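**Q**
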Amino acid sequence: MVYQRPWTHETDVTIRLRRCRNPLPNSRSLWLKTYRPLRVEPLELEVAQPLPDVCARHGRPAVSRSHVQACFYDTDLHPRFHHSAFAQDLVKTLISMRRVGLNPVSTILVGEWPVCDRCVRTARRYRWLARSLLLLMAANLVAVVIVSVANIDSLLPPLVLALFPGSLLGLVVVVHLFNKSAQRVTYRPIYDERFAFVQAHARFRAAIEQDARYRPPLGQEPDTP
Ligand SMILES: [Zn+2]
Numbered sequence: 674m675v676y677q678r679p680w681t682h683e684t685d686v687t688i689r690l691r692r693c694r695n696p697l698p699n700s701r702s703l704w705l706k707t708y709r710p711l712r713v714e715p716l717e718l719e720v721a722q723p724l725p726d727v728c729a730r731h732g733r734p735a736v737s738r739s740h741v742q743a744c745f746y747d748t749d750l751h752p753r754f755h756h757s758a759f760a761q762d763l764v765k766t767l768i769s770m771r772r773v774g775l776n777p778v779s780t781i782l783v784g785e786w787p788v789c790d791r792c793v794r795t796a797r798r799y800r801w802l803a804r805s806l807l808l809l810m811a812a813n814l815v816a817v818v819i820v821s822v823a824n825i826d827s828l829l830p831p832l833v834l835a836l837f838p839g840s841l842l843g844l845v846v847v848v849h850l851f852n853k854s855a856q857r858v859t860y861r862p863i864y865d866e867r868f869a870f871v872q873a874h875a876r877f878r879a880a881i882e883q884d885a886r887y888r889p890p891l892g893q894e895p896d897t898p
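Have a look at this one:
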C-alpha cells in the first residue's frame, strides 16, 4: 500500500509506535527550552512491533540490534519534523537581527533496529575518524603550548589558526561524524503518533509484508491522504 505524503516516499514502510511507558533515561537534556515555544505536545515514543532480522538500510541479514534514538523538531514545515533545520534557523536569526530561536525538539523516538555488517563497519569508520580528529586537535593544542613556551614565533601563527577557528570547525565535524556513526534509520516526519514512516530497502519491505506480526492490524493502518 502506498502512503504518498509530503516528505514520504512510496517505498517507505510504516512501523507501529506507542508512547513510552516510562520517561526515557538521559532525555532531559534534549527537552531544552528554546525561544520558540513548543506548539504540540512533547512525546516520547518507542517502536511497538517486532522488526525482521534484515537491515532496513541495506537489505542485508542483520548481525545485531542497535539502540537508535531519533529527535523530531517543531519546525515551520511540520510540528514533528525529522530535521532540525538548524542552518535555516541560524540564517533567519542573522538576517532578522533578532532572536528567531532554534526549532525545539517535539518528539523523541527510540527503537532497537536490526543492523548488518556494513552498518557496523561504517559506524566503526565514522567513530574512528571522529576520534582521530579529536586527537589531532588535542595534539595541536599541546603544540601551541610548547611553541609558546619555547618562543618559536614563526611556528605560532599557523598553529593558532589551526586552533581557532580550525578546532571550532573541527568540533562541528566531530559532532557530525559521531551523529553519522549512530544514525542507521532514516525516518520521515511523524504524521500520526501511532506510526513512523521509514525509508526501507526492498528486502526489508518484503520481510515486513510477508509476516503478519510486522503489519498493523486491520483497521489500524495509517490514514491515506
Ligand atoms: Zn546495514
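Using my numbering, the letters of the sequence shown map in sequence onto residues 674 to 898.
All C-beta atoms, glycine included, are put in the ideal place defined by N, C-alpha and C.
Bear in mind the structure is a predicted one, so any value in this text is a computation, not a measurement.
Using 8 angstroms as the cut-off, classify the Cβ of H731 as near or not near the heavy atoms of ligand 1, replying yes or no.
**A** Because some heavy atom of ligand 1 lies under 8 angstroms away, the Cβ of H731 counts as near it: yes.
**Q** Go ahead and pull the three-state DSSP assignment for P865.
**A** One point to set straight first is that residue 865 is Asp, not Pro, in the sequence displayed. Note: D865 maps to strand in three-state DSSP.
**Q** Report the partner residues of L716 according to the DSSP bridge assignment.
**A** Paired residue(s): T780.
**Q** Grab me the residues of L802's own chain with a C-beta within less than 7 angstroms of its C-beta, minus the 5 sequence neighbours each way, in chain order.
**A** Correct list, in chain order: L850.
**Q** Tell me which residue opens and which closes the alpha helix (DSSP H) that H849 is part of.
**A** Residues G839 to A855.
**Q** Specify, as a first and last residue, the run of the alpha helix (DSSP H) that L834 falls within.
**A** L829 to L836 is the extent of the alpha helix (DSSP H) around L834.
**Q** Alpha carbon to alpha carbon, how far is T684 from M810?
**A** Approximately 42 angstroms between the Cα atoms of the pair.
**Q** Report yes if the CB atom of A855 is closer than 9 angstroms to the CB atom of I688, and no otherwise.
**A** Not closer than 9 angstroms, so no.
**Q** In terms of alpha-carbon separation, which member of V847, Y746 and S840 lies closest to Y864?
**A** Closest option to Y864, Cα to Cα, is Y746.
**Q** Using the Cα positions of V847 and P890, report the straight-line distance between them to the nearest angstrom.
**A** V847 and P890: Cα-Cα distance of roughly 43 angstroms.
**Q** Would you tell me roughly how many angstroms separate the C-alpha atoms of Y936 and L716, rounded to the nearest one?
**A** Residue 936 is absent from the structure shown; the chain starts at 674 and stops at 898.
**Q** How many Å lie between V813 and A835 at the Cα?
**A** The residue asked about is misnamed: residue 813 is Asn in this sequence, not Val. Cα to Cα, the separation comes out at about 7 angstroms.
**Q** Once DSSP output is grouped into helix, strand and coil, what is the label at A743?
**A** Of the three classes helix, strand and coil, the one that applies to A743 here is strand, per DSSP.
**Q** Is the closest heavy atom of ligand 1 to the C-beta of V788 under 8 angstroms?
**A** Yes, since a heavy atom of ligand 1 falls inside the 8 angstroms radius drawn around the Cβ of V788.
**Q** Measure the alpha-carbon distance for S692 versus D790 and round it to whole angstroms.
**A** The sequence shown places Arg at residue 692, rather than the Ser named in the question. The alpha-carbon atoms of R692 and D790 are separated by roughly 31 angstroms.
**Q** Is C792 close to ligand 1? I mean its beta-carbon at under 8 angstroms from any heavy atom of the ligand.
**A** Yes, Cβ of C792 sits closer than 8 angstroms to a heavy atom of ligand 1.
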